[in-house]
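Residue numbers (this note's numbering): 1 to 499.
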């Protein structure tokens, strides 16, 4: 379930990190004491901003990293307008027409008076339009007012924006979500009986080329009653079909005559019942034939009994067809059956569960029976002796026919109505030496490794019992690369972190 990590040569790690870190030495401006970093998120943008301690009349450069949250790539174009205001009404503004490098703007400003400022950042462009407000930007009267902070070694992991932008990267806030406890089972997709038809020939004859110029191909959609094939019948077949039709018409006439005579009390009730039985028997034979064929100028036409797709054709033009030969398989995939093979130790779950979710390899996301206008059909009366499981059957709609008959599924049978739990995506969890771990993005370029205690799994999310808090952002794509960065001795925050 969780990604398994393997030992990587340190030479590879250092080569990867070194190449990326060199690009980040872009202004050779070392963080001074009292500098500040800010990380904030809007619906469309992440801002990671660094700036030095701000002093009146001192020129200050703001290093603004902007990430497009659609794909977690650098913002590469757009006009950036920055406006600073304070409580006394002072207003400072400047505009940059484009980033100095992909994702990075470097506005420079000089503050005329001390105090707390509000920074309003507006980005306008084809890629992103957004407005970001940063509060409490502190400006000091002189350098002596700047608080002195003791430098301490940090256990954090440095993974720079330039590194993040180059890979498939994503993060997601830790939230509480409704999750249901479940029992894991294997599963397979089956056809619904009334949506599946094996079409056999009701008569013997020849498939003539001249009468079948518009034959459907495998994969073609056909409607109920649509002609699939024309057969030129043998003499015996024609006589047999005509006999079935004549017998039906005769039995119908006799039944109507018996009804009329019985109403006049001319025959006993027994005679009426005999005529009715004979009529219904002959009608069944005739209707069965009529559901399969039509009489046309080209002979007898085999028709489809259902709407669906042709999955199999079992003849060639010119073939001599015998009665009973299978000709076509037609399947309607709009509604399917999920057969869940539940371990015999979970018989209570098999009996009581009325809902299930399932995953199919090759299809992104999960499917839930209740979301697909589905329902539980039945639980098998006995065990499957081959694998000691209890088959449980669900039926469901198949949107866009994405799910194919014969596919295998990983099935979770729901065993409660659901409760709210702290949860993160499965993709955020890495198995490191048997421990479930995740990487938290504490700031724009600072990460922390967390060891997790996990609970239930539901619809691609895992319950977190210990190790994370609501609101923290976990890496859901790129966690492995963050771990590689953690292996570097230069990865600790504050060591060689130069702009």
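Positions of the beta carbon are idealized from the N, C-alpha and C atoms, including for glycine.
For a test of the three-state rule: what should DSSP assign to residue 359, helix, strand or coil? As a working mapping, residue 359 is identified with position 359 in the chain shown. Strand at residue 359.
Given this structure, state the Cα-to-Cα distance separating residue 417 from residue 463, to the nearest angstrom. In the chain shown, counting from the first residue as 1, residue 417 sits at position 417. In the chain shown, counting from the first residue as 1, residue 463 sits at position 463. The alpha-carbon of residue 417 is positioned some 16 Å away from that of residue 463.
What does a CB cutoff of less than 6 Å around residue 72 pick up in its chain, not counting 5 residues either side in sequence? For the purposes of this step, residue 72 is taken as the residue at position 72 of the chain shown. Excluding sequence positions up to five before and after residue 72, its CB lies within less than 6 Å of the CB of 169, 170, all in the same chain and listed in chain order.
Report yes if the C-beta distance between residue 332 and residue 306 is below 7 Å; otherwise report no. Along the chain shown, one-based indexing puts residue 332 at 332. Along the chain shown, one-based indexing puts residue 306 at 306. Yes. Within cutoff.
Determine the direct distance from the alpha carbon of residue 348 to that of residue 121, and round the result to whole angstroms. As a working mapping, residue 121 is identified with position 121 in the chain shown. As a working mapping, residue 348 is identified with position 348 in the chain shown. Cα to Cα, residue 121 sits roughly 58 Å from residue 348.
In the DSSP assignment, what residue or residues form a beta bridge with residue 227? Start at 1 with the first residue of the chain shown, and residue 227 comes out as number 227. Per DSSP, 303.
Mind pulling the beta strand (DSSP E) runs of 3 or more residues that sit fully within the segment 77-156? The segment 77-156 contains these whole beta strand (DSSP E) runs: 79-86, 91-96, 108-110, 115-124, 130-140.
Do you know offhand how far residue 390's Cα is from residue 431's? Looking up residue 390 in the chain shown gives position 390. Looking up residue 431 in the chain shown gives position 431. C-alpha of residue 390 to C-alpha of residue 431: approximately 32 Å in a straight line.
Going by DSSP, what residue range makes up the alpha helix (DSSP H) through residue 480? Reading the chain shown from its first residue, position 480 is the one you call residue 480. Secondary structure note for residue 480: its alpha helix (DSSP H) is the uninterrupted segment 479-486.
Would you call residue 179 buried or exposed, if buried means 16 or more other Cβ atoms sit within 10 Å of its Cβ? Along the chain shown, read from residue 1 onward, the residue named residue 179 stands at position 179. The residue in question, residue 179, is buried, as its Cβ has 16 or more Cβ neighbours within 10 Å.
Pair every Cβ in the segment 174-194 with every Cβ in the segment 403-421, then say whether three or more of these pairs are closer than 8 Å. Contact between the segment 174-194 and the segment 403-421 is present: three or more C-beta pairs spanning the two stretches fall below 8 Å.
Could you pull out every residue in the same chain whose Cβ sits closer than 7 Å to the Cβ of residue 22, ignoring the five residues on either side in sequence? Position 22 of the chain shown, counted from the start, is the residue given in the question as residue 22. Summary for residue 22: the model assigns pLDDT 47, below 50, so the residue's position carries little reliability, and this model does not support an answer.
Nearest to residue 467 (by Cα), restricted to the options 231, 454, 478, 50: Locating residue 467 in the chain shown gives position 467, counting from the first residue. Ranked by Cα distance from residue 467, the options 231, 454, 478, 50 are led by 454.
Name the residue from 271, 426, 339 whose alpha carbon lies nearest to the alpha carbon of residue 365. As a first step, residue 365 is located in the chain shown; it is residue number 365 there, counting from the start. Here the closest residue by C-alpha is 426.
Nearest residue (CA-CA) to residue 255, options 243, 281, 232: For the purposes of this step, residue 255 is identified with residue 255 of the chain shown, where counting begins at 1. When each option's Cα is compared against that of residue 255, the closest is 281.
By Cβ distance below 6 Å, which residues in the same chain neighbour residue 355 in space, the five residues on each side in sequence not counted? On the chain shown, position 355 is the one that residue 355 refers to. Closer than 6 Å at the Cβ level, and outside the excluded window around residue 355, lie 369, 370, 414.
So, with DSSP's three-state summary, where would you put residue 417? Within the chain shown, residue 417 is the residue found at index 417, counting from 1. In the structure shown, residue 417 falls within a coil segment according to DSSP collapsed to helix, strand and coil.
Would you list the residues sitting across from residue 65 in a DSSP beta bridge? Locating residue 65 in the chain shown gives position 65, where the first residue counts as 1. Bridge partners of residue 65: 48, 104.
Compute the minimum distance between the beta carbon of residue 422 and the heavy atoms of the ligand ZN, and state whether it is under 6 Å. By its list of ligands, the structure shown contains no ligand whatsoever, and the ligand ZN lies outside what it can speak to.
Counting C-beta neighbours from all protein chains within 10 Å, is the total for residue 193 16 or more, i.e. buried, or is it exposed? If you number the chain shown from 1, residue 193 lands on position 193. Residue environment: residue 193 is assigned as exposed (fewer than 16 neighbouring CB atoms within 10 Å of its CB, all protein chains considered).
Can at least three beta-carbon pairs, one atom from the segment 197-211 and one from the segment 310-322, be found at a separation below 8 Å? Yes, they touch.
Distance between beta carbons of residue 132 and residue 45, contact taken as under 8 Å: What you label residue 45 is simply residue 45 of the chain shown in a count that begins at 1. What you label residue 132 is simply residue 132 of the chain shown in a count that begins at 1. Rounded to the nearest angstrom, the Cβ distance from residue 45 to residue 132 is 7 Å, consistent with a contact under 8 Å.
What is the residue span of the beta strand (DSSP E) that residue 555 lies within? Since the first residue shown for the chain is 1 and the last is 499, residue 555 is missing from the structure and cannot be characterised.
Roughly how many angstroms lie between the CA atoms of residue 214 and residue 221, to the nearest whole one? Stepping through the chain shown from its first residue, residue 214 is reached at position 214. Stepping through the chain shown from its first residue, residue 221 is reached at position 221. Distance between the alpha carbons of residue 214 and residue 221: 14 Å.
Which complete beta strand (DSSP E) runs does the segment 371-407 hold, if anything under 3 residues is left out? Runs of the beta strand (DSSP E) inside the segment 371-407: 375-379, 389-397.
How long is the line joining the alpha carbons of residue 65 and residue 105, rounded to whole angstroms? One-based indexing of the chain shown puts residue 65 at position 65. One-based indexing of the chain shown puts residue 105 at position 105. Between the C-alpha atoms of residue 65 and residue 105 there is a straight-line separation of about 7 Å.
Assign residue 43 to buried or exposed, taking buried as 16 or more other Cβ atoms, counted over all protein chains shown, within 10 Å of its Cβ. Here residue 43 corresponds to residue number 43 of the chain shown, with the count starting at 1. Under this definition residue 43 is an exposed residue.
Helix, strand or coil at residue 500 [DSSP, three-state]: It is not possible to answer for residue 500, since the shown part of the chain is limited to 1 through 499.
Which same chain residues end up closer than 7 Å to residue 272 when comparing Cβ atoms and leaving out the 5 residues on each side of it in sequence? The residue you call residue 272 lines up with position 272 of the chain shown. Answer for residue 272: 258, 259, 262, listed in chain order.
Tell me whether residue 252 sits in a helix, a strand or coil according to DSSP, three-state version. Against the chain shown, residue 252 aligns to sequence position 252. In this structure, DSSP gives residue 252 a helical state, which the three-state scheme calls helix.
Which same chain residues end up closer than 6 Å to residue 3 when comparing Cβ atoms and leaving out the 5 residues on each side of it in sequence? Position 3 of the chain shown, counting from 1, holds the residue named residue 3. At residue 3 the pLDDT is 47, less than 50, meaning the model places this residue with poor confidence; the figure from the coordinates comes in the next sentence. Annotation for residue 3: 430 place their beta carbon closer than 6 Å to its own, counting only its chain and skipping 5 residues before and after.
Below 7 Å between beta carbons: does that hold for residue 439 and residue 485? For the purposes of this step, residue 439 is taken as residue 439 along the chain shown, with counting starting at 1. For the purposes of this step, residue 485 is taken as residue 485 along the chain shown, with counting starting at 1. Against a cut-off of 7 Å, the Cβ pair of residue 485 and residue 439 comes out as no contact.
Determine the extent of the beta strand (DSSP E) in which residue 176 is found, giving its start and end residues. Against the chain shown, residue 176 aligns to sequence position 176. That run of the beta strand (DSSP E) goes 175-179.
Would you kindly work out how many angstroms separate the C-alpha atoms of residue 276 and residue 381, rounded to a whole number? As a working mapping, residue 276 is identified with position 276 in the chain shown. As a working mapping, residue 381 is identified with position 381 in the chain shown. Approximately 39 Å between the Cα atoms of the pair.
Classification of residue 338 by the beta-carbon crowding that lies within 10 angstroms, buried from 16 upward: Working through the chain shown from its first residue, we reach residue 338 at position 338. When all chains shown are included, residue 338 counts as buried.
Per-residue DSSP class, three states only, for residue 432: One-based indexing of the chain shown puts residue 432 at position 432. Strand at residue 432.
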